[in-house]
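Numbering (this note's numbering), first residue to last: 4 to 459.
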């Protein structure tokens, strides 16, 4: 008999409880600290003192195995299920029609020499991009295609841009893309909303970083003017027009204390009453790049603050996703659905089925690395050509190929960590980016917060 190598043990000292969680099989129970210590020490001698009935329950749940081969078989079964589920998702394409942006955000990860480029996508490149996307789709057995339009600012108000966006949306309709998302700063929605309605764009992501006095210091136009009022009005127009609105809030040391003020504003404006609103806070991270910004925060500090606000403003937690915190989406999923989330074997969609095509004809595996040509994985100009070795380092990046990850008990909720972070820190996409210590603290916070909903 042996302990599963996928067991995660989280002590909740204030509650005098220990959580046993095995994300590979989805088993999650609350036990007394004495049992928790047995699993932490992996003591078979102490385990036998618990009695046959209790041991049988742990064997049935997947916390214990009679032989190592049994767990290996379970890992392969879950890996096959993971691949099956991922293959049922829409194949994800991102199109970058311009790197130009009308904002000058303090924490932007895109370099000035890239986002100050005034070029916009040409008709020829649009046609070539959709031809390439169709060819890439046909190589994979995905049921549907999804398109995100990204930038720069894809809805920037500059000559010819609106016509290009309409052409892109028209081609997306012709090529039968089922899901269209636009990632925008939200400042020009009023100039584009009729076009977005015409082509049934289903999702718009915009960003508001706090109340007016805070947001207008962070997300400013290039001339220094604030954007809060404009974006708030545009968001309300989108919600009233039944678009799915993903509200991103970039949180760090400079604005987390002001989040309650934004919540109060949204309550007053009845923003949270819209069922088509999805709120996704994120933590402003360094992404391994040198940026002159003072607000970078530890992700756990921001999460602690968020959970305090959840308690104070009871109605908001149902609208807010914590997916930006590794491991959090699993716990939220169990709370909402009363069943386990499947384990992951790679970190994100960039390791599976995402292609990002830009106006220069370059192809990337991740939208956060666009413009860094040395990390492109191919081109579609003049014809589609993929660099198989570069692409392989993204697509084959699973916990099976990352040293130390396969034996890690957090692997099934981490997937080896962010590929981009591994590139920035180690210059190697096939290096793991370990966040185990951060993950443990995240789970301590979340299991404590959601304890009653999970175990009572």
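In this text, a Cβ means the ideal position worked out from N, Cα and C, and glycines have one as well.
Quick caveat, the model's predicted, so the values are computed rather than measured.
Span of the beta strand (DSSP E), counted from its first residue to its last, around residue i
i, result
"residue 208", "206 to 210"
"residue 182", "182 to 186"
"residue 367", "365 to 367"
"residue 94", "94 to 99"
Enclosing alpha helix (DSSP H) for residue i [first to last residue]
i, result
"residue 396", "391 to 398"
"residue 136", "126 to 141"
"residue 304", "302 to 315"
"residue 266", "262 to 271"
"residue 47", "47 to 51"
"residue 199", "192 to 201"
"residue 229", "Note, residue 229: premise wrong, no alpha helix (DSSP H); not H, not E."
"residue 159", "No alpha helix (DSSP H) holds residue 159; DSSP gives it neither H nor E."
One or two residues paired with residue i in a DSSP bridge
i, result
"residue 20", "15"
"residue 31", "24"
"residue 283", "251"
"residue 5", "68"
"residue 360", "98, 366"
"residue 106", "224"
"residue 323", "282"
"residue 152", "98, 185"
Residue i, DSSP secondary structure in three states
i, result
"residue 147", "coil"
"residue 467", "Coverage of the chain is limited to positions 4 through 459, which leaves residue 467 absent and any answer about it impossible."
"residue 353", "helix"
"residue 345", "coil"
"residue 373", "coil"
"residue 123", "strand"
"residue 293", "Because the pLDDT at residue 293 is just 49, under 50, the model does not fix this residue reliably, and the point stays unresolved."
"residue 459", "coil"
"residue 246", "coil"
"residue 60", "helix"
"residue 330", "coil"
"residue 39", "helix"
"residue 256", "coil"
"residue 454", "helix"
"residue 216", "helix"
"residue 87", "helix"
"residue 339", "helix"
"residue 73", "helix"
"residue 173", "helix"
"residue 113", "coil"
"residue 10", "coil"
Cβ-heavy atom distance, residue i to the ligand SAM, below 7 Å
i, result
"residue 224", "Of the ligands one can find in the structure shown there are none, so the ligand SAM has no counterpart to examine."
CB contact check: residue i to chain B, cutoff 8 Å
i, result
"residue 100", "Given the protein chain composition of this structure (a single chain), no chain B is represented."
*Taking the runs of the alpha helix (DSSP H) that are 4 residues or longer, which of them lie wholly in the segment 377 to 449?*
Fully contained in the segment 377 to 449 are the following alpha helix (DSSP H) runs of length 4 or more, in chain order: 391 to 398, 414 to 417, 422 to 429.
*asked:* I'd like to know if the segment 435 to 453 and the segment 35 to 51 are in contact, where contact means that at least 3 CB-CB pairs between them fall below 8 Å.
replied: Below 8 Å, too few C-beta pairs join the segment 435 to 453 and the segment 35 to 51 to call them touching: fewer than three.
*Would the segment 428 to 440 and the segment 311 to 327 be scored as touching if the rule is three or more Cβ pairs under 8 Å?*
The segment 428 to 440, when compared against the segment 311 to 327, does not touch it at the 8 Å Cβ threshold.
*Is there contact here, the segment 161 to 171 with the segment 97 to 109, by at least three beta-carbon pairs under 8 Å?*
Yes, they touch.
*Quick one: any contact between the segment 300 to 307 and the segment 281 to 289, if contact means 3 or more CB pairs under 8 Å?*
These segments touch.
*Cβ contact (3+ pairs, closer than 8 Å) linking the segment 82 to 98 and the segment 45 to 57*: As far as the Cβ criterion goes, the segment 82 to 98 does not touch the segment 45 to 57, which means the pair count is below three.
*Please confirm if the segment 331 to 342 is in contact with the segment 395 to 414, defined as three or more CB-CB distances below 8 Å between the two stretches.*
The segment 331 to 342 vs the segment 395 to 414: no contact.
*asked:* When you compare the segment 270 to 278 with the segment 226 to 234, are there three or more beta-carbon pairs, one atom per stretch, that lie closer than 8 Å?
replied: At 8 Å Cβ cutoff, the stretches do not touch.
_Does the structure place the segment 122 to 134 close enough to the segment 383 to 391 that three or more beta carbon pairs sit under 8 Å?_
As far as the Cβ criterion goes, the segment 383 to 391 touches the segment 122 to 134, which means the pair count is three or higher.
*asked:* Below 8 Å, how does it come out for the segment 182 to 193 and the segment 64 to 78: are there three or more Cβ pairs, yes or no?
replied: These segments do not touch.
_the segment 172 to 180 contacting the segment 391 to 399, beta-carbon criterion three pairs below 8 Å_ = The segment 172 to 180 is not in contact with the segment 391 to 399.
*Report yes or no: do three or more beta-carbon pairs, one from the segment 416 to 425 and one from the segment 342 to 355, lie closer than 8 Å?*
Between the segment 416 to 425 and the segment 342 to 355, the count of Cβ pairs shorter than 8 Å is three or higher; the stretches touch.
*At a cut of 8 Å, does the segment 215 to 228 reach the segment 244 to 261 through at least three beta carbon pairs?*
Taking 8 Å as the limit for Cβ pairs, the verdict is that the segment 244 to 261 does touch the segment 215 to 228.
_the segment 237 to 250 in contact with the segment 197 to 212 per 3-pair CB rule at 8 Å_ = The segment 237 to 250, when compared against the segment 197 to 212, does touch it at the 8 Å Cβ threshold.
_When you compare the segment 356 to 366 with the segment 85 to 95, are there three or more beta-carbon pairs, one atom per stretch, that lie closer than 8 Å?_
Yes, the segment 356 to 366 is in contact with the segment 85 to 95.
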